[in-house]
Amino acid sequence: MTTSDKKIKVWLVTVDMGYGHQRASYPLKHLAYQGVINANTYKGIIKQDKEAWLNQRKAYEAISRFKRVPVIGDMVFGLMD
């Protein structure tokens, strides 16, 4: 059996950060083995991990909003990005 005869399946992992990050996984969903996994909201996620993701999201959103500050906003966003 050649590779072209096999159905390729992958662990497709995405994250819900509120800014469309999951859109990148959509065209690949047909390759997902047992569906797309949301790294920050999967069934059985432990409390510590869920809180860590929430804190990272809040920091990302704060820095994204800070980007609008004249002169230093772009610089701070560039460091984060």
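For the sequence shown, this note's numbering gives the first residue as 13, with consecutive numbering after it. All C-beta atoms in this analysis are idealised placements derived from N, C-alpha and C, irrespective of residue type, glycine included.
As assigned by DSSP and simplified to three states, the class of residue i
i      : result
Met-29 : coil
Asn-50 : strand
Met-13 : Bear in mind that the predicted position of Met-13 carries a pLDDT of just 47, short of 50, making it unreliable; the figure below should be weighed with that in mind. Coil at Met-13, not helix or strand.
Val-81 : coil
Gly-56 : coil
Beta-ladder partner(s) of residue i, from DSSP
i      : result
Ala-44 : Val-22
Residue i vs residue j beta-carbon contact at 8 Å
i     : j      : result
Lys-2 : Leu-43 : What the structure shows of the chain is the stretch from 13 to 93, and residue 2 is not part of that stretch, so it cannot be assessed.
Distance between beta carbons of residue j and residue i, contact taken as under 8 Å
i      : j      : result
Asn-52 : Lys-62 : 7 Å
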